[in-house]
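Data block below; observations after.
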Amino acid sequence: DPHIADRALPSAITGLIPLLVVLVLSFLLHDSLGHLALIIALGGGVLTLMIINYRYFINMQNAITAGTTGALVAIGNTAAVVGFGSIAKSTEAFQVAVEVMTHIPGNELIGAAIAISVIAGLTGSASGGQVIALPLLAPHYIDQGVNPEELHRVVSISSGA
11 DPHIADRALP
21 SAITGLIPLL
31 VVLVLSFLLH
41 DSLGHLALII
51 ALGGGVLTLM
61 IINYRYFINM
71 QNAITAGTTG
81 ALVAIGNTAA
91 VVGFGSIAKS
101 TEAFQVAVEV
111 MTHIPGNELI
121 GAAIAISVIA
131 GLTGSASGGQ
141 VIALPLLAPH
151 YIDQGVNPEE
161 LHRVVSISSG
171 A
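Just so it is clear: in the sequence shown, position 138 is 148 by the numbering used here, and no numbers are missing.
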């Protein structure tokens, strides 16, 4: 926006306050509420941001509309890719690719990284590749003695590579 420099902007410190609210609420509520604490903490951070910076908001309705539209497009794209990947997973070529990928010689984590990257490429999506590949590949690699936490980290990184 070329007109941003023409108006007063909030202090950078006010950007840290909502983050601190999220951290504090998350730590305080985690033991009693579990994962729900994260949702409450994020909501608290958003409310804090809105209260602190309310005077800087110009045309809130357009911002909410644009944000909602962007979120719906992202959800729709992810759903379409996961749907496509589910169909692709049922083909014989996909099964052959999985079989080849799970028999890569060498370190199992490197093999898993390559396998996930290829499968994510075949499905057309990092998140779709994870959703489809993990149920197929995780048992294979865990049976070979791979630490599930290490496998998850490698899968998360390599699916987008």
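All C-beta atoms in this analysis are idealised placements derived from N, C-alpha and C, irrespective of residue type, glycine included.
Whole-number beta carbon distance between residue j and residue i, since they are thought to touch under 8 Å
i	j	result
G139	G95	7 Å
I142	T133	6 Å
Cutoff 7 Å; reference residue i; Cβ partners in own chain excluding five residues on either side
i	result
V165	A122, I126, Q140, L144
P115	none
L48	S36
K99	I142
Same chain, Cβ closer than 8 Å to residue i, five either side skipped, listed in chain order
i	result
S137	T88, V91, V92, S169
G55	P28, L29, V31, V32, L35
T58	I27, P28, V31
G155	E118
Assigned exposure category for residue i - 16 Cβ within 10 Å defines buried
i	result
Y151	buried
A51	buried
M111	buried
I61	exposed
V108	buried
S135	buried
A130	buried
L147	buried
Residues of its chain near residue i, where Cβ-Cβ distance is below 6 Å and the 5 sequence neighbours each way are ignored
i	result
N63	P20
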